[in-house]
Every structure is written in structure tokens, then in C-alpha cells.
């Protein structure tokens, strides 16, 4: 049974304070198009830069997870991402007027409540899961961290924490399916030890802390004078140590609330893999740094497997969708700058093109004649022309239009391309074309080897004379 992607019905906002910055911030969830995923937009910065919720954009895990892109950052993203995963929402654009997600009560429940209140809407595109097909392990021997993802036709979590603390001891938490998140995990708050709290206060690192958004575990002897000082700092009349070994500022919502919150953090951090997962995640002593390292390992495996899945085996006897002459009826490029010889596949969302690299091409007279290489910039050009066929296929009379490429990002050259190679280029739309703007993910392969990849943005422009 296929499951459709979904977004929210209407924008909804929450406001609060950033735990570490102490700044007031309003966060607005906006509906987003199919295949958009999770993105943050800093509306307080000129140009309103967008930060993709991507594990490769993580820049700090010291006191929460921070992502950075396009010169902007967003901190403490894990709790809001956990809410989105727990509610099985696929596509949302999140506006922020500050650098940090509001801490709220230290859990995900207020994000869940806001999203549930606005409601959800199914979209046309199918949700594409990544199914864990074999055990994926991650360990950190020095911290005794162990994590494993195992095959399962669901999304299940098991978490164990052990802090060598007489108060916490060893704790376990689990959910058998992601649909249990709202009831079992969403309301579980972050926690810290008293000695950590005092260190953070001393260095002015939790300007937004007010004892309503964290469980404080008392892990040392503490006298009344110290408690009175904490009460004064947090504008409390009185603070004492509760029988459970925590400050009496709040009551535990679950006996194992700290372990459940660690599970919440794992769900949020692994959302940065960028695709909904099917599998059983088990972890001992996880933390943000380990979660992110584990997420990067899973993403690398997904990327490798999808490259193989999209590999086009070229059969010279097959009839192409477009041959060279037909391509020239669509693209304005001509020799020596026509870089696509055939189009092998063409749908509404992807295109596969072919470039034969031969020694007869003029460029090799000046580009390393003794050790000829097909230049990386021309590999990108060939990829862009392949993508141009995909984009122009969406308009009537494509010969009356051209594509102007606006941006190239994340270009990587993985292996040299030499005369005699046949490069297969595949471009996939990253989201539906809007107002003539197309965003594509492109990859070029020689055999089973990825030689180039990049993200491209192009604009469709009408022209009366395509040769001009």
C-alpha cells in the first residue's frame, strides 16, 4: 500500500525563548510542496536565507543540534524535527525571526499541539521510505556509545542511557512504532545535571533557562545557600531537592523521562538524514554528536544505493527518446558546445542523457594533450543541458524557450573522465517547477562509478529567436 506525502493545512505559529540565546523568537510552520522536505527560513536576515534540514549541514552538537547553510544558522532543531517525524509530516517550511528554536517546555509537545491544531492534508506524491536492508552499526568506544539500525517494516526505537549516577542509574525507553510518539515521547523534557547547570550559568550559556523547561538532576551534595542562590537566579521563592533526586521545580511526567527524552532527541537528529526511514533503531548512551555521525553513515549508504538504483545500463541498440538531431530541435546549443548526444529516458520528474567523450573533440588540443581529461566545468555543462531537456519538456513548443541556469551548488567531481568514456547523466527535479524555476539534482556516471554530481537551478525563458 502506498502512503501519500503530507503537509499542514495552514500556517501556524508558536512563540517562546531560545534556551541558550535568551532571545524571544516566533516560529511559523508553513505548508510546503511535495518533495520539499523540512527547511528553515531566517526571516530576520536580509535575503531570508533557507537552511535545509540536512545532516551534512550540522555545524555544532555541543548543547543541541545546529545547522548552517547560506550564511545562516538555526540552533536546537532536534525537538521540532522530532515533532514533525512523530506526526509523519513530510513537507514544511519553518520561518524563524531568530537564531534558535524556542525551547518551550523542553519537549516537543507544544509543537505537536500546534501542528495538530492546524491539521494535515495529503498530497499527490507518494512517500518514499528508505528501508534498512541490513544492520548498520556505529560505535564510539571511548564513550561506550553503540547504535544499530536493523531491518523492520516500521519505525521503532529502543534507547538505553547510563550516566553512572545514583539518581538516574540505567534507564530504558522504547516505542514499537512511530505513531506512539505523540502519546509516549512528545511531552518528555530535556534534562541536565546540577553541576552542568551551574557551569552553564557561570558562563552565561543558558540565558533562556527558567527551570520550567528542564529536569535538573541533583548529582552532588548541595546546601541551602546554594539552593537559595539558584532560586534567586531563576526568580523562585524556594527550591529544594525532591525525593526522586531532582530539583522540585517540576514533577516527572514519566519515571524514565530522561531516557524518553534521549529517544526524542534521536528521532529529531535522524530526521536530518532527509528521508523517512523504515527500521529498528537501537542505541546505548546516545548523544547529539553520535546521532549525527550515525545519521551521516545512514545517509551515505542511502546515497550509494540510490546511485546504483538510478544507474542506466546503456544499450546501443535501443531507440533513444531523442537523438542528436532531435535534441538540436529543442536546445539552442551547437557544435562544439552541444554536450548531449542522446536522451535515453524522459518523464515529468527525471531525465537520463548520454555524452560520448571522444579524442576528436577540439578541447583536447588544449586541455592536457598528453593526459587528456574532460573538464569538470564541461561535465556540469553536459549535466545542465540534460536537465534543460527535462525543464523544456514542461512547456508547449519548447523550441521557443531556453533555460538559463541561475545557480550551481554542491558540485563534486568524484573521478576523472577521459576520451573513450560514455557518461550517463541523470537529473531529478527536487521539487515541482514553480513560476518557471526548476531545481534539480544531477549525477553523472561512467559505468558504476559516479564521476560528478551537483544541484542546479534553472529558469525557463521565452525567446523569439532561439539562435540569438
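In our numbering, the protein residues as written are 55 to 522.
All C-beta atoms in this analysis are idealised placements derived from N, C-alpha and C, irrespective of residue type, glycine included.
- Item | Beta-bridge pairing of residue 509 - partner residues as DSSP gives them | Answer is 463, 495, bridged to residue 509.
- Query: Using the rule of at least 16 other Cβ atoms within 10 Å of the residue's Cβ for burial, across every protein chain shown, is residue 458 buried or exposed?
  - Reply: Counting Cβ neighbours within 10 Å, residue 458 comes out exposed, since fewer than 16 surround it.
- residue 98 and residue 152 look like a contact to me (Cβ under 8 Å); what is the Cβ gap, rounded to whole Å? Yes, they are in contact, since the Cβ atoms of residue 98 and residue 152 sit about 6 Å apart, within 8 Å.
- Query: Does the stretch 444-451 come close enough to the stretch 466-478 that 3 or more CB-CB pairs lie under 8 Å?
  - Reply: With the cut-off at 8 Å, the stretch 466-478 and the stretch 444-451 do not touch.
- So does the stretch 509-516 actually touch the stretch 111-119, counting three or more Cβ pairs closer than 8 Å? Result no; under three Cβ-Cβ pairs closer than 8 Å.
- Query: Is the stretch 157-175 touching the stretch 348-357 in the sense that three or more CB pairs, one from each, lie closer than 8 Å?
  - Reply: Fewer than three beta-carbon pairs drawn from the stretch 348-357 and the stretch 157-175 are found closer than 8 Å, and the two stretches are therefore not classed as touching.
- Query: Can you check whether the CB of residue 211 is closer than 7 Å to the CB of residue 317?
  - Reply: Against a cut-off of 7 Å, the Cβ pair of residue 211 and residue 317 comes out as a contact.
- Task: Return helix, strand or coil for residue 85, following the three-state DSSP convention.
- Result: Residue 85: strand per DSSP, three-state reduction.
- Task: Could you round the C-beta distance between residue 201 and residue 344 to whole angstroms and report it? I think they count as a contact, below 8 Å.
- Result: Contact holds; Cβ gap of about 6 Å.
- Cβ of residue 214 less than 7 Å from any chain D Cβ? In the structure shown, chain D does not exist; there is a single protein chain.
- Query: Thinking C-beta only, is residue 321 closer than 7 Å to residue 107?
  - Reply: Residue 107 places its beta carbon 7 Å or farther from that of residue 321.
- Message: Tell me which residue opens and which closes the beta strand (DSSP E) that residue 93 is part of.
- Response: Element bounds for residue 93: 92-96.
- Using DSSP with H/G/I as helix, E/B as strand and the rest coil, what is residue 236? Assignment of residue 236 by DSSP, reduced to helix, strand and coil, places it in the helix class.
- Give me the Cβ distance between residue 385 and residue 439, rounded to the nearest whole Å; I'm assuming they're in contact under 8 Å. Here residue 385 really is in contact with residue 439; their C-beta atoms are around 6 Å apart, less than 8 Å.
- Query: Taking the beta strand (DSSP E) that residue 331 falls in, what are its first and last residues?
  - Reply: Secondary structure note for residue 331: its beta strand (DSSP E) is the uninterrupted segment 331-338.
- Message: Taking its Cβ as the centre, do 16 or more other Cβ atoms sit within 10 Å of residue 145, making it buried, or is it exposed?
- Response: When all chains shown are included, residue 145 counts as buried.
- Task: Just tell me which of 416, 398, 166 has its CA closest to the CA of residue 371.
- Result: Ranking the options by Cα distance to residue 371, first place goes to 398.
- Apart from the five residues just before and just after residue 456, which ones in its own chain have a Cβ nearer than 7 Å to its Cβ? The residues are 386, 515, 517, 520.
- Task: Kindly indicate which residue of 188, 248, 508, 491 has the alpha-carbon position closest to the one of residue 499.
- Result: Considering only 188, 248, 508, 491, the residue with the shortest C-alpha distance to residue 499 is 508.
- Message: Suppose contacts are defined by Cβ-Cβ distances below 7 Å. Is residue 199 in contact with residue 339 by that definition?
- Response: The answer is yes: Cβ separation under 7 Å.
- Going by DSSP, name the residue or residues bridged to residue 122. Per the DSSP secondary-structure output, residue 122 pairs in a beta bridge with 127.
- Identity of the residue in 378, 359, 408 nearest residue 369 by Cα: Among 378, 359, 408, the Cα nearest to that of residue 369 is on 408.
- Is it the case that the Cβ atoms of residue 406 and residue 428 are separated by a distance below 7 Å? Taking a C-beta distance under 7 Å as the contact criterion, residue 406 and residue 428 do not qualify as a contact pair.
- Query: If we count the other Cβ atoms within 10 Å of its Cβ and call it buried at 16 or more, is residue 85 buried or exposed?
  - Reply: Buried.
- Task: Give me the Cα-Cα distance between residue 424 and residue 111, rounded to the nearest whole angstrom.
- Result: Between the C-alpha atoms of residue 424 and residue 111 there is a straight-line separation of about 40 Å.
- Task: Please report the Cβ distance between residue 175 and residue 155, rounded to the nearest whole angstrom; I am assuming they are in contact, meaning their Cβ atoms lie under 8 Å.
- Result: Not quite, the Cβ-Cβ distance comes to about 24 Å (not below 8 Å), so this is no contact.
- Task: Check whether the Cβ atoms of residue 149 and residue 82 sit closer than 7 Å, and answer yes or no.
- Result: Contact flag set, yes.
- To the nearest angstrom, report how far apart residue 307 and residue 335 are at their CA atoms. Their Cα atoms are separated by approximately 24 Å.
- Message: Please classify residue 177 as buried or exposed, where buried requires at least 16 other C-beta atoms within 10 Å of its C-beta.
- Response: Result: buried.
- Message: Using C-beta distances below 6 Å, list every residue in its chain close to residue 481, excluding the 5 sequence neighbours before and after it, in chain order.
- Response: Non-local C-beta neighbours of residue 481 in its own chain, meaning closer than 6 Å and more than five positions away in sequence, comprise 405, 440, 441, 444, 494, 496, ordered along the chain.
- Task: Go ahead and label residue 67 buried or exposed: buried means 16 or more other beta carbons lie within 10 angstroms of its beta carbon, across all protein chains shown.
- Result: Flag for residue 67 reads exposed.
- Item | residue 224 versus 167, 157, 311, residue with shortest Cα-Cα distance | Cα-wise, what sits closest to residue 224 is 311.
- Task: Take residue 504 and list the residues in its own chain whose beta-carbon comes closer than 8 Å to its own, dropping the five residues that flank it on each side.
- Result: Correct list, in chain order: 361, 468, 469, 497, 498.
- Query: Relative to the alpha-carbon of residue 240, which residue among 432, 246, 248, 227 has its alpha-carbon at the smallest distance?
  - Reply: If we check each option's Cα against that of residue 240, 227 comes out closest.
- Beta carbon of residue 109, beta carbon of residue 327: below 7 Å? Judged by their CB atoms, residue 109 and residue 327 are nearer to each other than the 7 Å cut-off.
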